[in-house]
Amino acid sequence: MEFSLLLIQLLNGLQLGILLFLLSAGLTLTFGIMDFVNLAHGALYMLGAFFCASLTLYTGSFILAILLALPLTALAGYLLEKLVVQHLYDRNHLDHVLATFGLILCIDTIVHIIWGPQGIAIPLPAWLSGQVELFDGVVLPSYRLLIIGVGLLAAAGLYVLVNHTRLGMLIRAGASNRKMVGALGVDITALFSGVFALGAALAGLAGMLIAPITEASIGMGSDIIITTFVVIIIGGIGSMKGAFLAALLVGLIDTFGRSFLDDFFKLLMSTEAAETAAPAVSAMLIYILMAIILAFRPQGLFPPLSR
Amino acid sequence: MTTTTSARPDHRQNRNTETTRLLLVSALLVLILAILPTVLYLTGHTFWLDIFTRLVILAIAAVGLNLILGLGGMVSFGHAAYIGLGAYAVGIPAYHSTYGGMDAIATYNGFFHLALALTVSALFALVTGIISLRTRGVNFIMITMAFAQMMYYAIVSLETYGGDDGLTIDVRSEFPIISLDDPLTLYAVSFISLIIIVFLVHRISNSRFGLTLQGARSNEERMLAIGVNCYKYQLAAFVMSGVICGYAGFLLGNFTTFISPEMMDWTRSGEIMIMVILGGATFLWGPVIGAIVFIILEYVLSEVTVYWHLPFGLLLIFSVLFLRNGLASVLQRSHSQAGKGQ
Numbered sequence: 435m436e437f438s439l440l441l442i443q444l445l446n447g448l449q450l451g452i453l454l455f456l457l458s459a460g461l462t463l464t465f466g467i468m469d470f471v472n473l474a475h476g477a478l479y480m481l482g483a484f485f486c487a488s489l490t491l492y493t494g495s496f497i498l499a500i501l502l503a504l505p506l507t508a509l510a511g512y513l514l515e516k517l518v519v520q521h522l523y524d525r526n527h528l529d530h531v532l533a534t535f536g537l538i539l540c541i542d543t544i545v546h547i548i549w550g551p552q553g554i555a556i557p558l559p560a561w562l563s564g565q566v567e568l569f570d571g572v573v574l575p576s577y578r579l580l581i582i583g584v585g586l587l588a589a590a591g592l593y594v595l596v597n598h599t600r601l602g603m604l605i606r607a608g609a610s611n612r613k614m615v616g617a618l619g620v621d622i623t624a625l626f627s628g629v630f631a632l633g634a635a636l637a638g639l640a641g642m643l644i645a646p647i648t649e650a651s652i653g654m655g656s657d658i659i660i661t662t663f664v665v666i667i668i669g670g671i672g673s674m675k676g677a678f679l680a681a682l683l684v685g686l687i688d689t690f691g692r693s694f695l696d697d698f699f700k701l702l703m704s705t706e707a708a709e710t711a712a713p714a715v716s717a718m719l720i721y722i723l724m725a726i727i728l729a730f731r732p733q734g735l736f737p738p739l740s741r
Numbered sequence: 182m183t184t185t186t187s188a189r190p191d192h193r194q195n196r197n198t199e200t201t202r203l204l205l206v207s208a209l210l211v212l213i214l215a216i217l218p219t220v221l222y223l224t225g226h227t228f229w230l231d232i233f234t235r236l237v238i239l240a241i242a243a244v245g246l247n248l249i250l251g252l253g254g255m256v257s258f259g260h261a262a263y264i265g266l267g268a269y270a271v272g273i274p275a276y277h278s279t280y281g282g283m284d285a286i287a288t289y290n291g292f293f294h295l296a297l298a299l300t301v302s303a304l305f306a307l308v309t310g311i312i313s314l315r316t317r318g319v320n321f322i323m324i325t326m327a328f329a330q331m332m333y334y335a336i337v338s339l340e341t342y343g344g345d346d347g348l349t350i351d352v353r354s355e356f357p358i359i360s361l362d363d364p365l366t367l368y369a370v371s372f373i374s375l376i377i378i379v380f381l382v383h384r385i386s387n388s389r390f391g392l393t394l395q396g397a398r399s400n401e402e403r404m405l406a407i408g409v410n411c412y413k414y415q416l417a418a419f420v421m422s423g424v425i426c427g428y429a430g431f432l433l434g435n436f437t438t439f440i441s442p443e444m445m446d447w448t449r450s451g452e453i454m455i456m457v458i459l460g461g462a463t464f465l466w467g468p469v470i471g472a473i474v475f476i477i478l479e480y481v482l483s484e485v486t487v488y489w490h491l492p493f494g495l496l497l498i499f500s501v502l503f504l505r506n507g508l509a510s511v512l513q514r515s516h517s518q519a520g521k522g523q
């Protein structure tokens, strides 16, 4: 019993970690290569969820909706890059923050106008809404397993793309010295747009995967973007490996904190005190983790060597 | 030879007219803020006094943020946390005086509220500053934001004080002689505070301390080479800035009499930052101008449409793209030096 609870929380933590990785991968790529701080990354996560919700209701198939929503989100990212972001690359980080803050306001309002103020729930197909019995007594919702599977697949795909393809080589080269890459005849503008669209699609995928569990709602992006920032700061900004490990770490610590901290506190203090303190501390846990890590390693756990 | 001798007085004269122009604008600004809301209130437009009170209080926070952002080049994205802390320093003692419990802090005494607000924000700034200032650039932006968000979640989880739903302040901070229940008095207190704080920031920026900060902004390695350890100066400025915002929070709590974690949300920090940048971080009164434009624009646009965030966001994007050093840069034609972040 105790063991199965632990296993379920472990998988919940992994699921959160995987989603955070999908979000932070795009963020860390944009920052690593283009030195661009994108607060509006959460808005793309939200857009992905809304595209998927509408398409699921329209086509009747969740899987088909994801396949259609992915290029749509990438297109939204591409347009965003062409219209606004591209003009900000040679500005300082403060300008990035302000302009993308403006973008959040715009995108949130546009979503509000199109989809209305209420959230949209996404119905899951029957074969995904069931449960899977792993071994005796340990039962897990199959959809959560799917999220973990899809997320790991995306992570593996990203790994192959970045480390074993020509495009990945250009991305890595761009991250270490983008002027030199440009001088060697690579169309850096197109590379930037492509990477931005890729990051948008990954963030959108995270939104699509989480939407059936929560729902597609305005503000879902603003809530998760801070946690994503914590992930890429802990991992070392610009590092893909750092983002992956930090995402899993943050996902697990957050989940375990929320489910087991009050039991742990009860060992140390009175039940009443533990029940007051535990929710507050567990909500702050990942920030405390970040503070501790940064106090010893200001550049994060795995800072990219070339920067 | 001739060009240098002729250019110099010309340049000086340029600077002089510019200084005069800035002084004139500042005087005009003070005059408007002193007279307009009072007149509007006395002629029955009480609503406008509310707008101006909120505006002046947020201007105080913006001036506080600008102390580190404009002067020190430290882009803090978490200053709403101090506003929230200042407001809860009014709300929590008032709550306990009304409903009992926690006798040690249960009081309506304004001096106690004020002291608590300033101490708590100073402590929070000190602790987070020690860690945040070890990082630079974008890490600093994000870590200050994350610390503020940590405080946000901490307040949300305090069920006693309303958690997510917020807390109503039944009795405002009590001071001898004056009463903050009178809207005009509250405005006068906020306005005078703003003037004093702008003056203090002006004195600080021209002091040796301020010059050290500016040096650290332009080139920290060079400062280190001439034997100045910037870290402690930056930390001191960070704490001062936090305390000013905590004071603004104290006023805001007394003004709205309803406080909730929402006022510490990271988007709120973004708004204060927008005020600073919109107005112009290099100009002493820039943040005040920014706060005026921001609040008035917010009010006017939200009167026109419920979707006012859209035109507002677009304006913000356009101002970043085309108005590089804020509205105040329009006044400072010859000044090219900008208060850029790191």
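Read top to bottom, the protein sequences are chains D and X.
For the first sequence, counting from 1, position 192 maps to 626 in the working numbering; every step adds exactly one.
For the second sequence, counting from 1, position 221 maps to 402 in the working numbering; every step adds exactly one.
Virtual Cβ for every residue (Gly too), placed ideally from N, Cα, C.
As the structure is a prediction and not an experimental result, all values here were calculated from the model.
message: For a cutoff of 9 Å on Cβ pairs, would you count H475(D) as touching chain X?
response: Reading the first sequence from its first residue, position 41 is the one you call residue 475(D). Under the 9 Å criterion on CB atoms, H475(D) is classed as non-interfacial with respect to chain X.
- prompt: Under the rule that 16 or more other beta-carbon atoms within 10 Å means buried, what is T534(D), buried or exposed?
  reply: Within the first sequence, the letter at position 100 stands for residue 534(D). T534(D) counts as buried, since at least 16 other C-beta atoms from the protein chains shown sit within 10 angstroms of its C-beta.
Collapsed DSSP secondary structure at E567(D) in the structure displayed: As a working note, residue 567(D) is residue 133 in the first sequence. Strand at E567(D).
message: Contact criterion: CB-CB distance below 9 Å. Does A664(D) meet it with respect to chain X?
response: For the purposes of this step, residue 664(D) is taken as residue 230 along the first sequence, with counting starting at 1. Correcting the residue type first, residue 664(D) is Val in the shown sequence and not Ala. Cβ-Cβ to chain X under 9 Å: yes for V664(D).
message: Just to check my reading of the structure: M654(D) and I500(D) have Cβ atoms closer than 8 Å, yes? What is that Cβ distance to the nearest angstrom?
response: Locating residue 654(D) in the first sequence gives position 220, where the first residue counts as 1. Locating residue 500(D) in the first sequence gives position 66, where the first residue counts as 1. With 8 Å as the limit, M654(D) and I500(D) do not qualify as a contact, their Cβ atoms being about 17 Å apart.
- prompt: If we cut at 9 Å on Cβ distances, does S399(X) have a partner in chain D?
  reply: Here residue 399(X) refers to the residue found at position 218 when the second sequence is read from its first residue. For S399(X), the nearest beta carbon of chain D is not closer than 9 Å to its own beta carbon.
- request: Check the Cβ-Cβ distances between P732(D) and every residue of chain X, and say whether any is below 9 Å.
  value: As a first step, residue 732(D) must be located in the first sequence, where it is residue number 298. Closer than 9 Å: yes.
- prompt: Listing by chain order, which chain D residues have their CB less than 7 Å from the CB of S338(X)?
  reply: Here residue 338(X) corresponds to residue number 157 of the second sequence, with the count starting at 1. Taking a Cβ-Cβ cut-off of 7 Å, the neighbours of S338(X) in chain D comprise P713, A714, A717, given in sequence order.
message: Contact defined as beta carbons within less than 8 Å: I believe S458(D) pairs with A708(D). What is the distance between those atoms, to the nearest angstrom?
response: In the first sequence, residue 458(D) corresponds to position 24, counting from 1. In the first sequence, residue 708(D) corresponds to position 274, counting from 1. That belief does not hold up - the Cβ atoms of S458(D) and A708(D) are roughly 32 Å apart, past 8 Å.
- prompt: By Cβ distance below 8 Å, which residues in the same chain neighbour D345(X) in space, the five residues on each side in sequence not counted?
  reply: For the purposes of this step, residue 345(X) is taken as residue 164 along the second sequence, with counting starting at 1. Sequence-distant Cβ neighbours of D345(X) in its own chain, meaning closer than 8 Å and more than five residues away, are V337, S441, P442.
query: Would DSSP call I440(X) helix, strand or coil?
result: Within the second sequence, numbered from 1, the residue matching residue 440(X) stands at position 259. Of the three classes helix, strand and coil, the one that applies to I440(X) here is strand, per DSSP.
field: Beta-carbon proximity of G282(X) to H260(X), cut-off 9 Å
entry: In the second sequence, counting from the first residue as 1, residue 282(X) sits at position 101. In the second sequence, counting from the first residue as 1, residue 260(X) sits at position 79. Judged by their CB atoms, G282(X) and H260(X) are not nearer to each other than the 9 Å cut-off.
field: Among T201(X), M445(X), N290(X), nearest to A327(X) - alpha-carbon criterion
entry: Position 146 of the second sequence, counting from 1, holds the residue named residue 327(X). Nearest Cα to A327(X) within the set T201(X), M445(X), N290(X): M445(X).
query: In its own chain, which residues sit with a C-beta less than 7 Å from the C-beta of S187(X), not counting the 5 before and 5 after it?
result: Numbered from 1 along the second sequence, position 6 holds the residue referred to as residue 187(X). For S187(X), the pLDDT reaches just 45, beneath the cut-off of 50, and the residue's location in the model is therefore unreliable, although a value from the coordinates is still provided. Excluding residues up to 5 positions away in sequence, nothing lies with its Cβ nearer than 7 Å to the Cβ of S187(X) in the same chain.
message: 9 Å is my cut-off, CB to CB: does C486(D) come that close to chain X?
response: Sequence index remark: in the first sequence, residue 486(D) carries index 52 (1-based). Not one beta carbon of chain X lies nearer than 9 Å to the beta carbon of C486(D).
- prompt: How many angstroms separate the CA atom of D688(D) from the CA atom of T464(D)?
  reply: Start at 1 with the first residue of the first sequence, and residue 688(D) comes out as number 254. Start at 1 with the first residue of the first sequence, and residue 464(D) comes out as number 30. Approximately 26 Å, taken between the alpha carbons.
task: Could you tell me the boundaries of the beta strand (DSSP E) in which L252(X) lies?
output: In the second sequence, counting from the first residue as 1, residue 252(X) sits at position 71. It is not in any beta strand (DSSP E) - L252(X) carries neither H nor E in the DSSP assignment.
- request: Check the Cβ of S704(D) against every Cβ in chain X and list those closer than 7 Å, keeping chain order.
  value: One-based indexing of the first sequence puts residue 704(D) at position 270. For S704(D), there are no neighbours in chain X by C-beta distance under 7 Å, as the nearest C-beta there is about 16 Å away.
Members of the stretch 406-428 of chain X near chain D, C-beta cut-off 9 Å: Of all residues in the stretch 406-428 of chain X, none has a Cβ within less than 9 Å of some Cβ in chain D.
query: By Cβ distance, which residues of its chain are closer than 7 Å to F372(X), with the 5 residues on each side in sequence left out?
result: Taking the first residue of the second sequence as 1, we reach residue 372(X) at position 191. The answer, listed in chain order, is L214, A215, V237.
task: Put P357(X) into one of helix, strand or coil per three-state DSSP.
output: The residue given as residue 357(X) occupies position 176 in the second sequence. When secondary structure is reduced to three states using DSSP, P357(X) falls in the coil class, being assigned neither helix nor strand.
task: Establish whether the CB of W229(X) and some CB of chain D are separated by less than 9 Å.
output: Here residue 229(X) corresponds to residue number 48 of the second sequence, with the count starting at 1. No, because no Cβ of chain D sits closer than 9 Å to the Cβ of W229(X).
query: According to a CB-to-CB cut-off of less than 7 Å, which residues of the stretch 440-453 of chain X neighbour chain D?
result: So the list reads W447, T448, G451, given in the order they occur along the chain.
Residues sharing a beta bridge with A650(D), DSSP: Locating residue 650(D) in the first sequence gives position 216, counting from the first residue. In the DSSP assignment, A650(D) forms a beta bridge with I554(D).
query: In three-state terms, what does DSSP make of N611(D)?
result: One-based indexing of the first sequence puts residue 611(D) at position 177. DSSP, reduced to helix, strand and coil, places N611(D) outside both helices and strands of the structure shown, so it counts as coil.
- prompt: Across which residues does DSSP place L574(D) in a beta bridge pair?
  reply: Here residue 574(D) refers to the residue found at position 140 when the first sequence is read from its first residue. Per DSSP, the beta-bridge partners of L574(D) are V566(D).
message: Whole angstroms are fine: how far does the CA of R505(X) sit from the CA of T486(X)?
response: Residue mapping note: residue 486(X) aligns to position 305 of the second sequence, counting from 1. Residue mapping note: residue 505(X) aligns to position 324 of the second sequence, counting from 1. Approximately 28 Å between the Cα atoms of the pair.
- request: Check the Cβ-Cβ distances between F328(X) and every residue of chain D, and say whether any is below 9 Å.
  value: Stepping through the second sequence from its first residue, residue 328(X) is reached at position 147. Yes - at least one Cβ of chain D is within 9 Å of the one on F328(X).
Contained beta strand (DSSP E) runs [length at least 3] in the stretch 473-550 of chain D, N- to C-terminal order: Runs of beta strand (DSSP E) with 3 or more residues, each lying fully within the stretch 473-550 of chain D, are absent.
query: Under the three-state reduction of DSSP, which class applies to I660(D): helix, strand or coil?
result: For the purposes of this step, residue 660(D) is taken as the residue at position 226 of the first sequence. Three-state DSSP puts I660(D) in a helix.
task: Below 9 Å between beta carbons is the criterion; list the residues of the stretch 535-563 of chain D that meet it against any residue of chain X, in chain order.
output: Under the 9 Å Cβ criterion, the stretch 535-563 of chain D contributes F535, G536, L537, I538, L539, C540, I541, D542, T543, I544, H546, I547.
- request: Within 10 angstroms of the Cβ of S517(X), are there 16 or more other Cβ atoms? Answer buried if so, exposed if not.
  value: Reading the second sequence from its first residue, position 336 is the one you call residue 517(X). Note that S517(X) scores 43 on pLDDT, short of 50, meaning its location in the model is unreliable and no value can be drawn from it.
- prompt: Going by the beta-carbon positions, is the gap between V271(X) and G434(X) smaller than 9 Å?
  reply: The residue you call residue 271(X) lines up with position 90 of the second sequence. The residue you call residue 434(X) lines up with position 253 of the second sequence. Yes, they are a contact pair.
query: Which value, in whole angstroms, describes the spacing of the CA atoms of I470(X) and I455(X)?
result: Taking the first residue of the second sequence as position 1, residue 470(X) is located at position 289. Taking the first residue of the second sequence as position 1, residue 455(X) is located at position 274. Rounded to whole angstroms, I470(X) and I455(X) show a C-alpha spacing of 11 Å.
task: Take T184(X) and list the residues in its own chain whose beta-carbon comes closer than 8 Å to its own, dropping the five residues that flank it on each side.
output: Taking the second sequence and counting its residues from 1, one reaches residue 184(X) at position 3. Note on T184(X): pLDDT 42, under 50, position unreliable in the model; no value is reported.
task: Report buried or exposed for P218(X), applying the criterion of at least 16 other Cβ atoms within 10 angstroms of its Cβ.
output: If you number the second sequence from 1, residue 218(X) lands on position 37. When all chains shown are included, P218(X) counts as buried.
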